[in-house]
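Protein chains in written order, with our numbering: chain A, 1 to 513; chain B, 1001 to 1513. Beta carbons: idealized from backbone N, C-alpha and C, even for Gly.
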């Protein structure tokens, strides 16, 4: 739901032969906007229109932006104003990202009439003044547990944009695999990926990042450390501790850890993270930090020795030392650091104040980190893989929707530290066959919840969620049904989730747009 | 796992240019076998073979069957003997269904070597004597809550055959929709389906039934009654009771019920079920019978009156009366009746002894129905949609595997009444996007458990389940991963679940084979 919406009671008609977007001034020089209007023309006009009714038309939508700067960064202005009246619609926004959101909104307002086979707009005229409640609205995908083809990631970027979400958090590596190509360390992916075919080349990465850029979606990479990274050691010897007692690598490789006392580890990270910051230009880098297992450190003589020599009296202190070194490296590349909440819990004293704490262990930690002055992104309630690989209960969309992401008891200043949330889709039981199904429609409900605090009645929410679900399916996203079709009160609406059955329906070819 | 398997320690090689199936005698006149060998050639030889090694080959597999009778019925012999030795393999079976299973087994024994790029057979020679432990191994799909395209059902039939399963239980209708075309009552689907596009024409049904036949999979239709059938009333007035007090049709249509006192209902069923028995030639017909809600009957004056006039003293008695009439109709068409276990619980006195009781409410009911002399099919532990629309926990594949479907405490004669099981995939949150993912690989684990009681070690089971999962994916079934790829001890094996990444991999076009 938009932040603010004024509507009327008129009906306008739209017909592709008498409709055009018009990019005004600066906007006409933005390649992103040029491509976006083509894309949305294909999305909007994908039905087999056979009738052009008599009546007032919407013929032109004029788009203007204050700046066509296409450097997509955290915190960019995403606001827009959309007006629709007879003949003329207008989209205006400070940045191109707002205009992209406005196009999405427009595409949801122009509807195809299944009975009369024409396009129309109900409740015109419109004045929509809109901007997101939270600046961070994301989905996390995991390409370490199973390889996800490039096309699957592109599809996720499309679906994010359809839900006005703006972050793809790419958990690139884990104990199981390191699939992203590094030019500095070619063996890293060559030996650390599942196979030589399961590698993202740097061209692949660029394609993914650019595809996101053109949809206003940032790609935030994660390189998880000091644990969850056994596979780094396959290509670069000397990084991973050998801890044969507590977790021999053959059977419990997922406990393996970087050697926090090894200078060559920090040398490696300096080069590796520097290179990664060039192929992932977002400016925020996630360095994991979750689930460190101290047993390995405890049984390694060189570590105990190092701690004694350097007056490090506990493992959490050693862990903080590691994080301090890693964050110093991020600092040299001017990266905003992001890490899972263990880094805050165990090492907050060394965390730079511009760190983003990614909370996955409960809302309590969320409030605490905010009270300590850190910016936070919340994921505790949004593990969409729950109920599957991790057992337990599936996260229901109603729970996502009914849960206000903003924690209770914060001052207005503290509330500003709450950046938003990410739905996480951990990959143990996820592949290209089910990631879209597992993610959508539920992540879209989170997207809506993060966009605005306008809720609407329960019945209204059902129909809106269902419509958005069908809309994603119309555009080629393999969303799963909210409920049976009967939820739609009108029989003709029940067809929209099976557009492939409808003669003449042309699914937009999003890869080419 | 086969029932009985003897293996050796030789390696044989297989190369498509020097390999042929040979249909002997009668077998050569079976269209089903002719198509099956073509299909399995495409399935087996789908990799990009570049090397033909020196060494002993398997060059011919001779197939003979005692009978090419292609009337696929419950209880048909499915046994086969498969031998593989240098040069010659043999498949022999009483019926063609056994030969189809043997081809599947052979396709799993011939493996592609990812390193050397050739096909080989390890552990030759083979002598496999095989037959299923249970004759009923199925999956139930629901086309009433959401429409499933014909292609989705064909895909399910393929996947069933890959897992040596032999029943597609098609829950055709429910309160929400009646999507199968009836020539006798054309308005039934025209008005009772979600839309005029969400209808299975009789040609569609024939295509589905025939596709199953060619894979040895029976299609058992279900027409649920006397409740779960509101949509029947949309096309044929007078069938459904109007019960505005307890469940007005606008809001609780799923409680609607046939009028059990109306002769026109039985007239309708006589014609309708007769017609359905011609387009669904299986010989078993499932007539539902679950979740009858007596509140509606209780508030209908004509029903109370009828009960008084006919000395029917309770609603269960009226329910039994309805079932008696329905089963009498099935009897006139020589159909084996099948129904959900409520029919057994509430109306067993009227149930013909040849009835199959489909148990969904616990293993207790299963044993009781068997002790009462009924044949049973078990589904209580196999609701693959659990954890999704019905909340609660997902059914884990390990639970399916570790659970012996045979109830404890039965005599050998009673054990014969345990026909097998079906994995149920209720459709509230299922569509063409996620039905394969929700069903497979888990239903395949049930298939394996129903086929034989050979278990193997736990580690062995993991690898076998994973391999079968990847095999399905190679053949185009959108199965979800068992775990991350690391479970495969050999790195080259980890590619098999992403065959589309492998240069030259040709996915078999199963629709044409």
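C-alpha distance - residue 1044 of chain B paired with residue 13 of chain A, whole-angstrom precision: As a working mapping, residue 1044 of chain B is identified with position 44 in the second chain. As a working mapping, residue 13 of chain A is identified with position 13 in the first chain. Taking the straight line joining both Cα atoms gives about 55 Å.
Cβ of residue 427 of chain A within 8 Å of any chain B Cβ: Reading the first chain from its first residue, position 427 is the one you call residue 427 of chain A. Yes, residue 427 of chain A lies at the interface with chain B (some Cβ there is under 8 Å from its Cβ).
Neighbour-count burial assignment, residue 1182 of chain B, 16 or more Cβ in a 10 Å radius: Along the second chain, one-based indexing puts residue 1182 of chain B at 182. Here residue 1182 of chain B is buried: its Cβ has 16 or more other Cβ atoms, across all protein chains shown, within 10 Å.
Inter-residue spacing [alpha-carbon to alpha-carbon] between residue 365 of chain A and residue 371 of chain A: Here residue 365 of chain A refers to the residue found at position 365 of the first chain. Here residue 371 of chain A refers to the residue found at position 371 of the first chain. Rounded to whole angstroms, residue 365 of chain A to residue 371 of chain A spans 10 Å at the Cα level.
Residue of A/238, A/476, A/171, A/33 minimising C-alpha distance to residue 222 of chain A: If you number the first chain from 1, residue 222 of chain A lands on position 222. When only C-alpha atoms are compared, the closest one is A/171.
Rounded separation between residue 11 of chain A and residue 127 of chain A - CA only: The residue labelled residue 11 of chain A in the question sits at position 11 within the first chain. The residue labelled residue 127 of chain A in the question sits at position 127 within the first chain. So the alpha carbons of these two residues sit roughly 15 Å apart.
Coil, strand or helix - residue 1283 of chain B by DSSP: Taking the first residue of the second chain as position 1, residue 1283 of chain B is located at position 283. The DSSP-derived three-state label of residue 1283 of chain B is coil.
Length of the line joining the Cα atoms of residue 1165 of chain B and residue 1141 of chain B: By one-based count along the second chain, residue 1165 of chain B stands at place 165. By one-based count along the second chain, residue 1141 of chain B stands at place 141. Approximately 14 Å, taken between the alpha carbons.
CB contact check: residue 441 of chain A to chain B, cutoff 8 Å: Counted from its first residue, the first chain places residue 441 of chain A at position 441. It does not; no Cβ of chain B falls within 8 Å.
Chain-order list of residues whose beta-carbon lies under 6 Å from that of residue 1375 of chain B (same chain, five-residue window excluded): On the second chain, position 375 is the one that residue 1375 of chain B refers to. Within the same chain, residue 1375 of chain B has close Cβ partners 1356, 1417, 1419.
Residues near residue 510 of chain A in its chain [Cβ-Cβ closer than 6 Å; skip 5 each side]: Here residue 510 of chain A corresponds to residue number 510 of the first chain, with the count starting at 1. Contacts found: 158.
8 Å Cβ cutoff met for residue 70 of chain A and residue 32 of chain A: Along the first chain, one-based indexing puts residue 70 of chain A at 70. Along the first chain, one-based indexing puts residue 32 of chain A at 32. Yes, they are a contact pair.
Proximity of residue 173 of chain A and residue 229 of chain A at Cβ, strictly below 8 Å: Residue 173 of chain A sits at position 173 when you count from the first residue of the first chain. Residue 229 of chain A sits at position 229 when you count from the first residue of the first chain. Yes, they are a contact pair.
Cβ neighbour criterion (16 or more within 10 Å) applied to residue 177 of chain A: As a first step, residue 177 of chain A is located in the first chain; it is residue number 177 there, counting from the start. It is buried - the Cβ of residue 177 of chain A has at least 16 other Cβ atoms within 10 Å.
Cβ-Cβ distance between residue 1316 of chain B and residue 1346 of chain B below 8 Å: Translated into the one-based positions of the second chain, residue 1316 of chain B becomes position 316. Translated into the one-based positions of the second chain, residue 1346 of chain B becomes position 346. A contact, by the Cβ cut-off of 8 Å.
CB contact check: residue 143 of chain A to chain B, cutoff 8 Å: Residue numbering aside, residue 143 of chain A sits at position 143 when the first chain is read from its first letter. It does not; no Cβ of chain B falls within 8 Å.
is_contact[residue 1162 of chain B, chain A] using C-beta, thresh 8 Å: Numbered from its first residue, the second chain carries residue 1162 of chain B at position 162. With 8 Å as the cut-off, residue 1162 of chain B does not count as an interface residue toward chain A.
Heavy atom of the ligand MN within 7 Å of residue 455 of chain A beta-carbon: For the ligand MN, the structure offers nothing, since it holds no ligand at all.
Three-state class that DSSP yields for residue 439 of chain A in the structure shown: Here residue 439 of chain A is taken as the residue at index 439 of the first chain, counted from 1. Under the three-state reduction of DSSP, residue 439 of chain A is assigned to helix.
Host alpha helix (DSSP H) of residue 1307 of chain B (start-end): Taking the first residue of the second chain as position 1, residue 1307 of chain B is located at position 307. Start and end: 1301-1309.
Cβ pair count under 8 Å reaching 3, the stretch 82-100 of chain A against the stretch 124-138 of chain A: A contact between stretches requires three or more CB pairs, one per stretch, nearer than 8 Å, and the stretch 82-100 of chain A meets this requirement with the stretch 124-138 of chain A.
Residue 430 of chain A: contacting residues in chain B (beta-carbon distance under 8 Å): Here the question's residue 430 of chain A lines up with position 430 in the first chain. 1480, 1481, listed in chain order.
Interface partners of residue 530 of chain A on chain B, CB under 8 Å: As displayed, chain A neither begins before 1 nor continues past 513, which places residue 530 of chain A out of reach and without an answer.
Residue-chain proximity (residue 19 of chain A, chain B), Cβ-Cβ < 8 Å: Looking up residue 19 of chain A in the first chain gives position 19. So no, residue 19 of chain A is outside the interface.
Closest by C-alpha distance to residue 1361 of chain B, when choosing among B/1354, B/1383, B/1373, B/1353: Counting from 1 along the second chain, the entry for residue 1361 of chain B is found at position 361. Nearest in C-alpha terms to residue 1361 of chain B, of all of B/1354, B/1383, B/1373, B/1353, is B/1383.
Short Cβ contact (8 Å threshold) for residue 1444 of chain B with residue 1163 of chain B: Working through the second chain from its first residue, we reach residue 1444 of chain B at position 444. Working through the second chain from its first residue, we reach residue 1163 of chain B at position 163. Their beta carbons are under 8 Å apart, which means residue 1444 of chain B touches residue 1163 of chain B by this criterion.
Residue 224 of chain A to residue 2 of chain A span [Cα, whole Å]: Looking up residue 224 of chain A in the first chain gives position 224. Looking up residue 2 of chain A in the first chain gives position 2. Going by C-alpha positions, residue 224 of chain A is about 36 Å away from residue 2 of chain A.
Cβ-Cβ distance between residue 1079 of chain B and residue 1130 of chain B below 8 Å: Here residue 1079 of chain B refers to the residue found at position 79 when the second chain is read from its first residue. Here residue 1130 of chain B refers to the residue found at position 130 when the second chain is read from its first residue. Taking 8 Å as the cut-off, the beta carbon of residue 1079 of chain B is found closer than this to the beta carbon of residue 1130 of chain B.
C-beta neighbour in chain A for residue 1055 of chain B, strict 8 Å: Residue mapping note: residue 1055 of chain B aligns to position 55 of the second chain, counting from 1. Interface annotation, residue 1055 of chain B: not in contact with chain A, CB-CB separation never under 8 Å.
Residue-chain proximity (residue 1203 of chain B, chain A), Cβ-Cβ < 8 Å: Within the second chain, residue 1203 of chain B is the residue found at index 203, counting from 1. Taking a beta-carbon distance threshold of 8 Å, residue 1203 of chain B does not count as an interface residue toward chain A.
Cutoff 8 Å: residue 98 of chain A Cβ touching any chain B Cβ: Position 98 of the first chain holds residue 98 of chain A. Answer no: the Cβ-Cβ gap between residue 98 of chain A and chain B never drops below 8 Å.
Buried versus exposed, by CB contacts within 10 Å (16 or more), residue 423 of chain A: To locate residue 423 of chain A, count along the first chain from 1; it is residue 423. For residue 423 of chain A, the number of other beta carbons within 10 angstroms of its own is at least 16, and it is reported as buried.
Opening and closing residue of the alpha helix (DSSP H) in which residue 1207 of chain B lies: Position 207 of the second chain, counting from 1, holds the residue named residue 1207 of chain B. Counting along the chain, the unbroken alpha helix (DSSP H) around residue 1207 of chain B starts and ends at 1202-1213.
Nearest residue (CA-CA) to residue 517 of chain A, options A/167, A/16, A/466, A/271: Past the boundaries of the shown model lies residue 517 of chain A; chain A is included only from 1 to 513, so the question cannot be answered.
Nearest residue (CA-CA) to residue 1269 of chain B, options B/1402, B/1328, B/1217: For the purposes of this step, residue 1269 of chain B is taken as residue 269 along the second chain, with counting starting at 1. Ranking the options by Cα distance to residue 1269 of chain B, first place goes to B/1328.
Environment of residue 238 of chain A [buried if 16+ CB atoms lie within 10 Å]: Locating residue 238 of chain A in the first chain gives position 238, counting from the first residue. By the Cβ neighbour-count rule, residue 238 of chain A is exposed, with fewer than 16 other Cβ atoms within 10 Å of its own.
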